[in-house]
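Under UniProt numbering, the residues of the sequence shown are numbered 1 to 459, in order.
Each residue gets a CB set at the ideal place from its N, CA and C atoms; glycine is no exception.
Given the structure is predicted, the values throughout are model-derived calculations rather than measurements.
Written below as structure tokens is the structure these notes are about.
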Amino acid sequence: MNGLKNAGGALVARLALFGERLQTQLHAHPRRIAAAVAAVLMTGGSAAFAVASLGPDPADLPVRTLTESVASLADGHELSELTDLQSFSLYRSETTRPSDTAETLLQRLGIADPQAAAYLRADDQVRQNVLGRAGRLVSAETTPDQQLLKLTVRWAPDEDGTFRRLVVERKDGRLATRIETGKLTASPRLAGGVIRSTFFAATDAADIPDSVAMQMADIFQGEVDFRRSLRKGDRFAVVYESLEADGEPLRAGRVLSAEFHNDGKTSQALWFQENGQKGAYYTLDGKSKRQAYLNFPVEFSRISSGFAMRLHPIQKTWRAHLGTDFAAPTGTKVRTVGDGVVSFAGVQNGYGNVIFVDHANNHTTVYAHLSRIDVRKGQHVDQGDTIGAVGQTGWATGPHLHFEFRVNGQQQDPLTIAQATDAARPISKAARPAFDKLAAQMRVELNAGEQLFTTASAR
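Next comes the structure, spelled out in structure tokens:
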């Protein structure tokens, strides 16, 4: 230790001598030194902005080399005494892929540890929750020689405000696994974009999550026809929740406010919830935006067969198709388009696994060919609740949802049903000051977002 102190003292003394000589050079050649410093600063910042040269070209200036010998801090000490200076960890992050094996995941994390790979292959918790699972956040702590110290995987399986944390950690030379539960935290995110082709292409370009884009389509479905009325140059801004685990974003939550400019018309929405009541979207002046029914029972899908005459894919005869088919992968969530009560949930002829939901005014919706059913007869469901998943049961040649809308028992085209505003409860007088305060805050955020993202897209 005394040797290290003596070496450190010698180093400080020589640095002081170097400082005195540098100060002498600065007094003798102030302009040259200033020009050299400016050149270094401009070169280092060229990636961010350009700066005009205010002095002579540094290449034309004379160069003088100062050489000083410095005693090694290790003089008189074995390297083994300094190993604690090399004890540090490396951290890396990745996202799981459906094709992941233990080896491919560790390789992307920069880990070369056969023992860890063998452990991950054999561990039941890792096989069930990590390998082959897509989109789960992985962080790893390793030694400098690429040995695994700790592997942490986070995901949010349900919409209950919690997340799971799987931890594989090395202790006393052995690896062990544990699963923990944590609480998600929500923070607001501001995003926006400009329409160049389609709405979903614009949200993809702006890195807006698909779930947020779908919420916006639902919120503005009564005012904006996202399939037919969009114009190039239409713009939008949105504030939404980012749900985070240990400071890392896992998924998007609810849209808090949104604004859409379509063909010269501006539409705005704000989420507001009074104490003890169900929340809903309102215009910024307090009018309800809730619609009686959602346009689409499946998120992120395309219409594969409309409400029209068609050649039946199995019977090979021309007949009326009394519903709308939404093509989507097996397992895609199916949601009810409106509030109602499940009147049937089971297997029925060519429908396969099917759910019937009765709504007000003698309206009924039908969801067929499901791979699973998540509700039971007599259960009350709210608009947007998940009731099952897309499948290929019954008379189906591929995975899709067959959706029907019936009025007094007669099938109607779901895409032409009038989207009347629902009779949502208006904002009470007691809650109005809180609503107005929130609306004013959201106006400021949406205006800032619109200006920011419109300017960025014009570059």
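query, result
"Please classify residue 404: does DSSP put it in a helix, a strand, or coil?", "strand"
"Would you call residue 408 buried or exposed, if buried means 16 or more other Cβ atoms sit within 10 Å of its Cβ?", "exposed"
"Give the secondary structure of residue 162 by DSSP, where H, G and I count as helix, E and B as strand, and everything else as coil.", "strand"
"When DSSP builds the beta bridges, which residues end up paired with residue 367?", "355 and 403"
"Excluding the five sequence neighbours on either side, which residues of its own chain have a C-beta within less than 7 Å of the C-beta of residue 232, listed in chain order?", "195 and 196"
"On the criterion of 16 or more Cβ atoms from any shown chain inside 10 Å, does residue 509 qualify as buried, or is it exposed?", "In the structure displayed, the chain extends from 1 to 459; residue 509 sits before or after that span and is not available."
"Please report the distance separating the alpha-carbon of residue 143 from that of residue 211.", "38 Å"
"Taking the beta strand (DSSP E) that residue 393 belongs to, which residues open and close that run?", "Here residue 393 belongs to no beta strand (DSSP E), and DSSP marks it neither H nor E."
"Please go through the segment 165 to 248 and give each complete alpha helix (DSSP H) segment of 4 or more residues, from N-terminal end onward.", "199 to 205 and 210 to 219"
"I'd like the list of long-range same chain contacts for residue 382, defined as Cβ closer than 6 Å, with 5 residues on each side in sequence excluded.", "339"
"What first and last residue would you give for the alpha helix (DSSP H) that runs through residue 121?", "114 to 122"
"Taking three-plus beta-carbon pairs below 8 Å as touching, is the segment 269 to 279 in contact with the segment 178 to 194?", "no"
"For the alpha helix (DSSP H) containing residue 106, name the first residue and the last one.", "102 to 108"
"State buried or exposed for residue 448, treating a residue as buried only when at least 16 other CB atoms are found within 10 Å of its CB.", "exposed"
"Over what stretch of residues does the beta strand (DSSP E) that includes residue 348 continue unbroken?", "340 to 348"
"Round the Cβ separation of residue 330 and residue 390 to the nearest angstrom and send it over; I've been treating them as touching at under 8 Å.", "6 Å"
"Since residue 299 and residue 214 should fall inside the 8 Å C-beta cutoff, what is the C-beta to C-beta distance between them, to a whole number of angstroms?", "5 Å"
"Assign residue 441 to one of two classes, buried (16 or more other C-beta atoms within 10 Å of its C-beta) or exposed (fewer than that).", "exposed"
"Rounded to the nearest angstrom, what separates residue 296 and residue 403 at their Cα positions?", "9 Å"
"Tell me which residue opens and which closes the beta strand (DSSP E) that residue 88 is part of.", "Taken as a continuous stretch (DSSP letters only), residue 88 belongs to no beta strand (DSSP E), as it is neither H nor E."
"Bridge partners for residue 95 per DSSP, in chain order?", "137"
"Would you check if the distance between the CB atom of residue 263 and the CB atom of residue 234 is smaller than 8 Å?", "yes"
"So, is residue 446 buried or exposed, given that buried needs 16 or more other C-beta atoms within 10 angstroms?", "buried"
"DSSP three-state label for residue 270, please.", "strand"
"Tell me, which residues are paired with residue 131 by DSSP?", "Residue 131 is not bridged to any residue."
"Please work out which residues of its chain come closer than 6 Å, Cβ to Cβ, to residue 151, disregarding the five sequence neighbours upstream and downstream, and give them in chain order.", "140 and 168"
"What is the DSSP secondary structure of residue 286, reduced to helix, strand or coil?", "coil"
"Report the option in 135, 198 and 427 whose CA atom is closest to the CA atom of residue 273.", "427"
"I need the boundaries of the beta strand (DSSP E) containing residue 292, first residue and last residue.", "Segment: none, residue 292 is in no beta strand (DSSP E) and carries neither H nor E."
"Could you check what DSSP says for residue 361 in three-state terms: helix, strand or coil?", "coil"
"Roughly how many whole angstroms lie between the Cα atoms of residue 385 and residue 154?", "25 Å"
"Alpha carbon to alpha carbon, what distance is there between residue 253 and residue 359?", "27 Å"
"Taking the beta carbon of residue 107 as the centre, do at least 16 other beta carbons fall within 10 Å, making it buried, or is it exposed?", "exposed"
"Do the segment 190 to 209 and the segment 156 to 166 make contact, defined as three or more Cβ pairs closer than 8 Å?", "no"
"When you compare only the Cα positions, how much space is there between residue 187 and residue 241?", "6 Å"
"Using the three-state DSSP reduction, which class does residue 377 fall into: helix, strand or coil?", "coil"
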